[in-house]
Amino acid sequence: MPSSSLSALRGPAVRRLLTLRQEQKPTSRHVRLMAQSLEVTERTVWRWLAAAERDEAAAAEPGARAQSKGRFSVTPEVRRLLALCDFSLQCHYDFSF
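Per numbering that gives the first Met the number 0, numbering through the sequence shown is continuous, rising by one, with the last residue being 96.
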């Protein structure tokens with residue numbers, strides 16, 4: 000099955016496991032079957048389930064990276080500074096903090 004199809008099935012699978020957990024019926028067998036069906040490890044399914052219990056939004060898109068303000072991103076300014084650097088010798092600017 001294409002990976003995009005498997006990704007689309009993650010949300011419904013995690014929501015089903017959450018429902019089973021609320022009914023106190025989930026077993027390791029359920030998680031194992033979901034993992035095999037979605038072609039991921041059991042540990043991954045357990046992580047998705049734990050994240051979905053903490054945040055309902057995580058149940059909609061299991062495995063998606065959470066957006067964080069503290070996450071580093073390469074800005075145009077950083078790109079310009081990196082372009083000024085000659086990594087084969089040494090940097091012409093002091094980037095120490």
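We put the beta carbon where it would ideally sit given N, CA and C, even for glycine.
Here the alpha carbon of Glu-60 sits roughly 23 Å from the alpha carbon of Gln-23.
Nearest C-alpha to Arg-9 among Thr-40, Leu-81, Ser-27 and Glu-76: Thr-40.
Distance between Leu-48 and Pro-75, taken at the CA atoms: about 37 Å.
Secondary structure at Ala-63: coil, using DSSP grouped into helix, strand and coil. By the neighbour-count criterion, in which a residue is buried when 16 or more other Cβ atoms sit within 10 angstroms of its Cβ, Ala-56 is exposed. Secondary structure at Val-13: helix, using DSSP grouped into helix, strand and coil.
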